[in-house]
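Visitor: After the structure tokens below, expect a handful of questions from me.
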Amino acid sequence: MRARKTAGRFTGAMKHDSISKTLGERFASAVASVAGDACGPIDSQVRPAGDPKHGDYQCNAAMSLARRLKAKPREIAQRIVDAVDLADIAEPLEIAGPGFINVRLRTEFLARYLGEVPPPPAASPAPVSGPPMDRLGMPTVDAPYKTVIDYSSPNIAKQMHVGHLRSTIIGDVFARVLMFEGHEVVRQNHVGDWGTQFGMLIEHYGDKAVPSHRTHADALAAIEDDYRVAQERFGSDEAFADAARLAVGRLQSGDVEARRVWESICGESRHAFGEIYKRLDVLLEEADACGESFYNDRLAPVVDELVERLRPREAGQRGSGPYAELREDGGALCVFLYDEKGEAAFTNQDGDPLPMIVRKSDGAFLYATTDLAALRYRIKELGARRMIYVTDARQKLHFRMFFAAARAAGWAGDEVALEHTTFGSVLGANRKPLKTRTGKNVLLRELLDEAERRAYDVLVERDRGIEGSRDREERDEDEKRAIARRVGIAAVKYADLVRDRNSDYVFNWDSMLAMQGNTAPYMMYAYARIRSIYRKAAERFGSPDVYAAGVVLSLGAPAERDLALRLVRFRETIDSVAADLLPHTLCNYLFELASDFMRFYESCPVLQAPDEATRLGRMRLCDLTARTLRLGLWLLGIEVIERM
RNA sequence: GCGCCCGUAGCUCAAUUGGAUAGAGUGGCAGACUUCGAAUCUGAAGGUUGGAGGUUCGAGUCCUCCCGGGCGCGCCA
1 MRARKTAGRF TGAMKHDSIS KTLGERFASA VASVAGDACG PIDSQVRPAG DPKHGDYQCN
61 AAMSLARRLK AKPREIAQRI VDAVDLADIA EPLEIAGPGF INVRLRTEFL ARYLGEVPPP
121 PAASPAPVSG PPMDRLGMPT VDAPYKTVID YSSPNIAKQM HVGHLRSTII GDVFARVLMF
181 EGHEVVRQNH VGDWGTQFGM LIEHYGDKAV PSHRTHADAL AAIEDDYRVA QERFGSDEAF
241 ADAARLAVGR LQSGDVEARR VWESICGESR HAFGEIYKRL DVLLEEADAC GESFYNDRLA
301 PVVDELVERL RPREAGQRGS GPYAELREDG GALCVFLYDE KGEAAFTNQD GDPLPMIVRK
361 SDGAFLYATT DLAALRYRIK ELGARRMIYV TDARQKLHFR MFFAAARAAG WAGDEVALEH
421 TTFGSVLGAN RKPLKTRTGK NVLLRELLDE AERRAYDVLV ERDRGIEGSR DREERDEDEK
481 RAIARRVGIA AVKYADLVRD RNSDYVFNWD SMLAMQGNTA PYMMYAYARI RSIYRKAAER
541 FGSPDVYAAG VVLSLGAPAE RDLALRLVRF RETIDSVAAD LLPHTLCNYL FELASDFMRF
601 YESCPVLQAP DEATRLGRMR LCDLTARTLR LGLWLLGIEV IERM
């Protein structure tokens with residue numbers, strides 16, 4: 001039969017793509033040949049099988065194709081099966097139900113696919129930040145593009161609080177994943193470093209020195225206190241308020257003294273942010289800050305260009321596709337946006353057209369203006385092809401208007417993707433946005449302190465309950481602290497990433513620090529457990545080269561095959577995060593991987609395997625799992641530890 | 001009033017974007033450590049996917065209408 005002809009032929013090209021992509025391409029050409037030219041492009045609808053009973057993957061194209069071809073779905077499925085060549089990858093295909101095509105990968109294929117993963121580079125494990133040393137042999141994409149990711153974006157003169165947590169953590173995952181895939185990533189920290197609040201601070205400090213304490217964090221805390229005092233004076237002291245307003249003008253016109261004060265405020269703030277970023281173990285650093293002030297000189301030209309490009313239309317010209325026009329309204333310069341039918345695309349509470357204001361009636365610019373200037377800069381000067389904004393969901397309307405205006409003005413053409421990746425709020429136990437008991441924002445540094453403290457308590461508690469473990473008895477106070485630091489920060493980050501970013505989530509220390517369930521500690525434990533096997537193996541058998549040519553992955557046991565199948569799906573999981581920007585799918589993958597490993601570990605003895613060949617093969621599976629966990633967690637911004 | 005998001009097991013959440021019998025964790029129940037790390041694993045139990053219609057081979061997912069919740073709606077960001 002046909003399936004035998006190419007059996008066993010495994011092309012080297014395979015390792016460059018995910019299984020999903022390879023199957024997708026093979027099925028796509030088969031589907032195209034069955035469909036003929038009449039139907040246009042058709043999705044081959046290849047996806048992992050929902051139920052292991054139905055195999056490993058399935059192709060669902062036959063059902064939808066049947067209607068277009070006016071044929072029976074199962075017949076179409078049969079024609080697709082006849083046309084597709086998968087003999088080197090899969091067992092003979094099966095047609096089930098209304099026309100599902102079930103694909104079961106050949107175990108030999110899984111073994112060979114995994115067998116092509118090269119050994120880890122000598123310098124592995126990966127450094128704390130920067131690209132990972134060990135890519136598991138995964139190549140970069142063929143067509144990289146430049147991506148700007150706008151994330152974190154705290155305000156100068158204020159300490160970072162829990163409101164900045166999600167943007168910082170989520171945005172960083174995108175930076176890591178896209179960088180890993182080979183794209184050029186430009187991180188942009190759009191800090192709030194411009195505006196009327198600086199007038200108050202400049203006037204408040206006068207010729208006094210801006211606070212600079214032993215740590216930048218303390219200095220920023222002092223500045224924030226001063227800012228509150230200045231705000232109060234602004235409200236109660238008329239003379240101070242007038243002077244503060246004049247100070248804004250001095251700053252904008254480049255007055256040396258005003259500038260000095262502003263710069264030292266910004267400097268202290270950015271240093272303090274940098275400390276938080278370092279603690280949070282994100283890639284973002286001080287050099288990525290490109291704040292609102294950067295665009296100051298570009299705001300007026302941007303508005304001028306809008307005037308030029310968005311001229312109001314005559315009544316007769318309307319109704320031919322969405323458009324925008326710029327006109328004055330109530331003294332403010334506004335962009336009005338219209339849909340295909342020439343009706344207002346956005347309306348206010350009275351049902352009247354809702355504009356996007358780009359210049360206030362007093363002549364000042366707003367954040368919409370700055371956003372437009374930044375977008376124009378990032379496309380025209382940085383050359384961005386994809387722009388990702390990581391902000392909370394409440395800004396959705398703003399971004400819809402802002403993107404529409406940018407398209408209408410012609411700054412963002414079809415070749416540029418604009419994506420607003422929203423996220424929900426962090427809630428307290430009362431289901432209201434998380435605050436301190438006194439109703440203030442929870443400071444990030446205090447939150448991280450508590451994470452480390454709680455992780456330490458959990459660690460000590462666990463150690464007390466378990467005796468006879470040499471790893472635990474040996475470790476001193478410093479090591480415990482170091483472990484608690486890693487676990488605590490990881491727990492906070494993972495708890496944030498594990499949920500669909502669009503929904504709100506309730507912040508809960510106990511569940512994020514729990515060692516069971518889909519948590520960072522569980523994942524890190526799985527890694528540490530594998531590393532422990534390696535240490536034991538080294539004692540008993542020396543340090544065998546599990547990547548030596550003679551070592552084979554037999555995958556005879558069901559748990560071995562399940563684990564192997566999971567491992568080969570890593571690449572397609574990364575691809576999907578890069579495309580859909582949903583980090584929780586990677587979390588779910590890693591949890592499944594860790595679970596599969598635990599099952600394998602329970603049922604397949606490694607160090608006590610029946611023979612050396614089996615032992616080495618299983619050790620290799622262990623190592624591949626450890627490396628996948630390490631890389632996967634790295635992509636999530638989480639560093640593993642060798643013992644915990 | 002209009003718009004966006006959401007409602008899934010007692011609780012916290014998934015569900016490969018329209019695919020097959022809706023899955024995990026947690027809690028409770030029943031088991032497994034003289035055995036590679038029990039921070040683990042294995043069972044069983046738990047559901048009218050807020051409700052009612054509709055679209056089609058097929059709906060938690062899409063369309064309409066209700067119920068309930070969150071957020072947003074012109075000179076803040």
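Straight run, no breaks: the first sequence in our numbering ends on number 644. From the three backbone atoms N, C-alpha and C, an ideal C-beta is built for every residue, glycine too.
#1: With DSSP as the reference, please indicate the residues paired to residue 344 in a beta bridge.
#2: For the alpha helix (DSSP H) holding residue 588, just list the boundary residues, first then last.
#3: Pick from 483, 115 and 103: whose alpha carbon is nearest that of residue 60?
#4: Going by DSSP, what residues sit across from residue 420 in a beta bridge?
#5: Give a yes or no on contact between the segment 384-391 and the segment 303-310, applying the rule of three or more CB pairs nearer than 8 Å.
#6: Can you tell me the Cα-Cα spacing of residue 279 and residue 342, whole angstroms?
#7: Among the residues of its own chain, which have a CB less than 8 Å from the CB of residue 372, if the five just before and after it don't count?
#8: Quick check: what's the CA-CA separation for residue 628 versus residue 376?
#9: Tell whether a beta-carbon distance below 7 Å holds between residue 345 and residue 333.
#10: According to DSSP, simplified to helix, strand and coil, what is residue 614?
#11: Tell me whether the segment 434-452 and the segment 148-161 touch, counting them as touching only if at least three CB pairs, one residue from each stretch, are closer than 8 Å.
#12: Starting from residue 159, trace the alpha helix (DSSP H) both ways and give me its first and last residue.
#13: Which residues bound the alpha helix (DSSP H) around residue 371?
#14: Cutting at 8 Å between CB atoms, please list the residues of its own chain near residue 382, excluding the five before and the five after it.
#15: What are the start and end residues of the beta strand (DSSP E) that includes residue 443?
#16: Near residue 121, which residues of its chain fall below 8 Å by C-beta distance, leaving aside the five closest residues on each side in sequence?
#17: Count the other CB atoms within 10 Å of the CB of residue 171; is the residue buried (16 or more) or exposed (fewer)?
#18: Does the segment 626-642 come close enough to the segment 601-612 to have 3 or more Cβ pairs within less than 8 Å?
#19: For residue 385 and residue 282, I'd like the C-alpha separation in whole angstroms.
#20: Starting from the Cα of residue 184, find the closest Cα among 290, 295 and 174 and give me that residue.
#21: Is residue 642 helix, strand or coil by DSSP?
#22: Suppose only complete runs of 4+ residues qualify. What are the alpha helix (DSSP H) ranges in the segment 249-331, listed by chain order?
#23: Is it buried or exposed for residue 636, if we count other Cβ within 10 angstroms and need 16 for buried?
#24: Which residue marks the beginning of the alpha helix (DSSP H) containing residue 226, and which one marks its end?
#25: Which partner residues of residue 552 appear in the DSSP bridge assignment?
#26: Using a Cβ-Cβ cutoff of less than 6 Å, which residues in the same chain neighbour residue 28 once the five nearest sequence positions on both sides are dropped?
#27: For residue 470, which of helix, strand or coil comes out of DSSP?
#28: In whole angstroms, what separates the C-alpha of residue 515 from that of residue 597?
#29: When the Cα atoms are used, what is the spatial distance from residue 155 to residue 431?
#30: According to DSSP, simplified to helix, strand and coil, what is residue 66?
#31: Rounded to the nearest angstrom, what separates residue 63 and residue 97 at their Cα positions?
#32: Taking the C-alpha atoms as reference points, what is the distance between residue 99 and residue 643?
#33: To the nearest angstrom, how far is the alpha carbon of residue 639 from that of residue 420?
#34: Starting from residue 525, trace the alpha helix (DSSP H) in both directions and tell me its first and last residue.
#35: On a CA-only basis, which of 291, 72 and 163 is nearest residue 150? Give me that one, please.
#36: Counting only the same chain and skipping the five closest in sequence on each side, list residues whose C-beta sits under 8 Å from that of residue 223.
Guide: Looking at the atomic coordinates:
#1: Note: residue 344 sits in a beta bridge opposite 338.
#2: Boundaries of the alpha helix (DSSP H) harbouring residue 588: 583-603, taken from the DSSP string.
#3: Looking at the Cα atoms, 103 is the closest of the given residues.
#4: Residue pairing for residue 420: DSSP places it in a beta bridge opposite 389.
#5: Flag = no, the segment 384-391 and the segment 303-310 do not touch.
#6: Those two C-alpha atoms are separated by around 51 Å.
#7: Contacts found: 302, 306, 358, 402, 405, 406, 409 and 411.
#8: The straight-line gap from Cα to Cα measures roughly 39 Å.
#9: In this structure, residue 333 does not lie closer than 7 Å to residue 345 by Cβ.
#10: Reduced to three states, the DSSP call for residue 614 is helix.
#11: Enough Cβ pairs lie closer than 8 Å, so yes.
#12: That residue, residue 159, is in no alpha helix (DSSP H); it is neither H nor E in DSSP.
#13: For residue 371, the uninterrupted alpha helix (DSSP H) run begins and ends at 367-380, by DSSP.
#14: Within the same chain, Cβ atoms closer than 8 Å to the Cβ of residue 382 are found at 146, 148 and 186, the five residues on either side in sequence being excluded.
#15: Segment: none, residue 443 is in no beta strand (DSSP E) and carries neither H nor E.
#16: Same-chain partners within the cutoff: 133 and 134.
#17: Buried.
#18: Output reads no: the segment 601-612 does not touch the segment 626-642.
#19: Rounded to the nearest angstrom, the gap between the Cα atoms of residue 385 and residue 282 is 23 Å.
#20: The residue with the shortest Cα to Cα distance from residue 184 is 174.
#21: Here DSSP, grouped into helix, strand and coil, assigns residue 642 to coil.
#22: Runs found: 256-280 and 299-309.
#23: Counting C-beta atoms within 10 angstroms of its own C-beta, residue 636 has 16 or more neighbours from the protein chains shown and is therefore classed as buried.
#24: Unbroken alpha helix (DSSP H) run through residue 226: 216-236.
#25: In the DSSP assignment, no residue is bridged to residue 552.
#26: Excluding residues within five positions, the ones whose Cβ falls inside 6 Å are 44.
#27: Since pLDDT at residue 470 reaches only 49, below the 50 mark, its modelled position is unreliable, and the value read off the structure follows with that caveat. Helix.
#28: Spanning the two alpha carbons is a distance of roughly 16 Å.
#29: One alpha carbon belongs to residue 155, the other to residue 431, and they sit about 26 Å apart.
#30: Residue 66 falls in the helix class under three-state DSSP.
#31: Computed Cα separation, rounded: 10 Å.
#32: It is roughly 50 Å from the alpha-carbon of residue 99 to the alpha-carbon of residue 643.
#33: If you take the alpha carbons of residue 639 and residue 420, they lie about 28 Å apart.
#34: In the DSSP assignment, residue 525 falls within the alpha helix (DSSP H) that extends over 520-541.
#35: Ranking 291, 72 and 163 by Cα distance to residue 150 puts 291 first.
#36: Excluding positions up to five away in sequence, the list reads 157, 201, 210, 211, 265, 268 and 269.
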